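*Asks:* So this note's numbering is basically just the index in the sequence shown, starting at one, shifted up by 55. For glycine and all other residues, C-beta sits at the position ideal for the given N, C-alpha and C. Predicted, not measured: the structure shown is a model, and the values here were computed from it. One structure, as structure tokens, below. Some questions next.
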Amino acid sequence: MIRFKSAALASAALALSFGGFALAQEEADQPKPPRQEWSFAGMFGTYDQAQLQRGFQVYREVCSNCHALSIPFRALADPDGPGYGEDQVKTLAASYQVTNAEPNDKGEIFKRPGTPADLIPRPEAYPNDQAAAAVLGKAPPDMNLLAKARKYERGFPWFVFDALPGLEYQEVGSDYIDAILNGYTKPDDPQWNLYYPGHKIAMPQPITDGAVKYTDGTAPTLSNYSKDITAFLTWAAEPNLPERKKIGLRVMLFLFVLAGLLYFTKKRVGEAAH
Ligand code: HEC
């Protein structure tokens with residue numbers, strides 16, 4: 056942590072010496088999303104099951120009115136993810152009406168209750184992107200890859216760390232989503248967002264304090280909703296993140312051991328030669 060902080064200081068000093076004034080101006084106009092604490096960040100990060108379940112609740116009750124989330128229901132049973140029981144997922148899927156892929160014997164397209172293998176259906180109000188754009192000004196992006204697709208430049212010195220397996224900070228997309236939800240800082244302009252590039256966003260503030268009733272005692276605040284839905288969307292986009300991190304860690308360990316072995320081998324060979 057301390058090393059990271061001094062690195063940040065060094066980069067700040069560097070930025071200042073390179074005509075940092077213009078840079079600071081730009082930052083003030085379009086600030087970077089603040090970095091948050093995520094359970095899934097870092098080398099040993101994992102998803103917090105209760106948080107993902109709250110996040111799904113927020114998606115279901117609020118975001119799903121406009122945003123599609125094209126993942127199969129059965130993904131919600133992922134034990135490293137939201138970890139719902141098989142029966143819970145079955146009941147949940149059956150509570151949705153999905154359009155059958157094939158027509159029936161009479162050639163009619165028909166609807167039926169969902170099964171765990173079906174994708175979560177699109178928002179009912181907007182059968183396609185054009186319909187959504189006609190009403191909302193712009194089509195809301197599908198949320199299945201949102202947390203992965205949104206990136207911003209972290210600049211020096213971060214890109215150096217970002218290149219190392221296990222050390223890289225992969226949560227920029229999560230910080231971005233959280234920042235957007237908290238970025239409606241001009242009460243008189245509902246389409247102004249501090250963190251949206253250019254500030255003019257087609258989505259009016261989707262969620263505020265008290266909008267969703269949690270049942271596990273978590274406080275119903277915008278700050279908690281934002282964290283929870285963001286964690287859920289991060290899992291949806293990167294369900295294998297903890298697994299990938301474990302592999303990265305093993306690679307680092309392996310390289311470390313290999314370096315040690317090479318060192319001692321070299322020493323032994325050197326001694327034998329004398
Ligand atoms: C009233 C419809 C509506 C609701 C409800 C809604 N959104 Fe959106 N959302 C939109 C639209 C429209 C856009 C496209 C905005 C743009 O690019 O200008 C969008 C875009 C976004 C973006 C992406 C911005 C980008 O960089 O492309 C995020 C993140 C987002 N929504 C999160 C959420 C979350 C989380 C929820 C639920 C808490 C939610 N939205 C609920 C309509 C909605």
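1) Specify the secondary structure class of W290 as computed by DSSP and reduced to three states.
2) Could you tell me which residues DSSP puts in a beta bridge with R167?
3) What number of angstroms, rounded off, separates the C-alpha of Y102 from the C-alpha of D160?
4) Give a yes or no on contact between the stretch 162-170 and the stretch 93-113, applying the rule of three or more CB pairs nearer than 8 Å.
5) What's the call for V267, buried or exposed, on a 16-neighbour Cβ count within 10 Å?
6) Near the ligand HEC, which residues have their beta-carbon closer than 6 Å to a heavy atom?
7) Taking the straight line between their C-alpha atoms, what separation do you get for L71 and Y231?
8) My output table needs one value for F311: the three-state DSSP class, helix, strand or coil.
9) Less than 7 Å between C-beta atoms, sequence neighbours within five positions excluded: which residues of the same chain meet that for F128?
10) Can you give, in chain order, each stretch of the alpha helix (DSSP H) that sits fully within the stretch 75-125 and has at least 4 residues?
11) Buried or exposed, going by whether 16 or more other CB atoms sit within 10 Å of the CB of D243?
*Replies:* Result, derived from the coordinates:
1) helix
2) V153
3) 45 Å
4) no
5) buried
6) V113, V117, C118, N120, C121, H122, L191, K193, P195, P196, L201, R205, I232, I235, L236, I256, A257, M258, P261, I262, I284
7) Any reading at L71 must be qualified, since the residue scores a pLDDT of 45, below 50, and its modelled position is unreliable; the value itself is stated next. L71 and Y231: Cα-Cα distance of roughly 25 Å.
8) helix
9) V144, L147, A148, G169, P171, D173, I175
10) 75-84, 104-116
11) exposed
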